[in-house]
Amino acid sequence: MPTQDDRRAELGAYLRRRREDLIRSDFGLPPAGRARTLGLRREEVSYLSGVSVTWYTWLEQGRDINPSRQVLDAVSRTLRLGVAQHRYVLALAGYAPMPAAAADEVAAVPAHVQRLLDAIGDNPAYALTAEWGIAGWNAAYERLYPNVATTASADRNLLWLVFTDPFVRGLLADWEDTSQRFLAEFRAEVGSRLGDPSLLELVARLVDASPEFQAGWERHDIGGFESRERVFHHPSGSTVTYEHHQLRPSDQPELQVVVYTPM
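In this text, residue positions in the sequence shown follow numbering that gives the first Met the number 0: the first is 0, and each later residue adds one.
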């Protein structure tokens, strides 16, 4: 099992390799040495990151130091790391994954995720952001819940709709149980980010709008997601039973895709 020293060594080696692979002209820098066009100097990375040369050198050397998350974020931006690479750097330094994108940062799902939703066909499916904003859905889900297409984007949040939309309350055959299970799952997912302004605003709105939400929030219930049976009073007048599934695209881990399949 890798030790802390192993992780520091890997972090240093990784940062050094990324630094050496950068194209100098991308940063407006002239060739270095013998017309060398690849690779930034440590001094250049430290300057662009706002980090001392000594501190950055120690990072690459795998020294026994504790860089702050802000330092690692700054260095990652300078080295132009992608999302997966940035997460790797944070993990090596012992930090939790990057906070997922806030709901207002995801106006719509990426095109390939929307194509996945559409391909699911007659099974209702939708995609949620980290704060449970409904960012995409397929035609089958819109038939189940027609209001999704007409609700203002600021209110198109699953938790908000479950606790404030009378249509949803009537749609869910087991509203009391489902609403509280959703609340427990939501709290478990966002617990480490409850200080985020957008989350505080959402919770405050729900506390003001729903006594049931307020009571559940004050109980501090926590629950993980489990696939389960869901019963809906369909707008057509029939009662339909689905199995509830949740998936996360590997390249969009801030999203969760929810799919209802027939029992």
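C-beta atoms are modelled at their ideal positions from N, C-alpha and C, and glycine is treated no differently. Predicted model only: the values in this text are computed from it and were never measured.
Is the beta carbon of residue i sitting closer than 8 Å to the one on residue j?
i	j	result
Ser67	Tyr55	no
Ala126	Gly135	yes
Arg218	His243	no
Thr150	Leu254	no
Gln245	Val112	no
Asn122	Tyr13	no
Arg168	Trp174	yes
Arg186	Ile133	no
Asp164	Asn137	no
Gln60	Gly11	yes
His232	Leu143	no
Which value, in whole angstroms, describes the spacing of the CA atoms of residue i and residue j?
i	j	result
Ala153	Arg76	30 Å
Leu91	Trp159	37 Å
Asn146	Ser48	47 Å
Val108	Glu188	20 Å
Gly223	Trp216	16 Å
Thr36	Arg6	30 Å
Ala148	Val239	21 Å
Ala124	Leu170	16 Å
Asp103	Ala34	Bear in mind that the predicted position of Asp103 carries a pLDDT of just 43, short of 50, making it too unreliable to give a figure here.
Ala100	Asp195	Its pLDDT being 49, under 50, Ala100 is placed unreliably by the model, and the measurement read from it follows with that caveat. Answer to the nearest angstrom: the Cα atoms are 11 Å apart.
Val105	Ala31	Low confidence applies to Val105: its pLDDT is 45, below 50, so where it sits in the model is not reliable, and the reading given next is rough at best. Rounded to whole angstroms, Val105 to Ala31 spans 41 Å at the Cα level.
Glu211	Tyr140	25 Å
Asp72	Arg16	17 Å
Thr53	Arg41	9 Å
Does chain B have any CB closer than 8 Å to the CB of residue i?
i	result
Phe26	In the structure shown, chain B cannot be found, because there is only a single protein chain.
Based on Cα-Cα distance, which residue from the options lies nearest to residue i?
i	options	result
Asn65	Glu43, Ala83, Val88	Val88
Leu205	Val161, Arg86, Asp173	Val161
Met262	Tyr241, Glu42, Ser249	Tyr241
Val230	Leu116, Ala172, Leu80, Ala83	Ala172
Ala8	Pro30, Arg41, Asp63, Asp25	Asp63
Ser249	Val74, Leu28, Val82	Val82
Thr2	Gly27, Arg23, Gly93, Leu71	Gly93
Ala24	Glu43, Leu10, Gly11	Note on residue identity: the sequence assigns Ser, not Ala, to residue 24. For Ser24, the nearest C-alpha among the options comes from Glu43.
Arg155	Glu184, Ala110, Leu201	Leu201
Considering only residues of the same chain and omitting the five flanking positions on each side of residue i, which have a CB-CB separation below 7 Å?
i	result
Leu198	Glu130, Val189, Arg192
Phe166	Asn146
Thr177	Leu171
Apart from the five residues on each side of it in sequence, which residues of its chain come closer than 6 Å, Cβ to Cβ, to residue i?
i	result
Leu39	Arg18, Leu21
Arg247	Gln255
Leu182	Gly215
Which same chain residues end up closer than 8 Å to residue i when comparing Cβ atoms and leaving out the 5 residues on each side of it in sequence?
i	result
Ser51	Ser45
Should residue i be counted as a contact of the ligand GTP given a C-beta to heavy atom distance under 7 Å?
i	result
Ser249	The model on display carries no ligand, and the ligand GTP is accordingly not part of it.
Write down every uninterrupted run of the alpha helix (DSSP H) in the region 192-247 whose length is 4 residues or greater and which is fully enclosed by it, in chain order.
-> 196-208, 210-218
Write down every uninterrupted run of the alpha helix (DSSP H) in the region 8-87 whose length is 4 residues or greater and which is fully enclosed by it, in chain order.
-> 41-48, 52-60, 68-77
Secondary structure, beta strand (DSSP E): runs of 3+ residues fully inside the region 130-158 = 133-136
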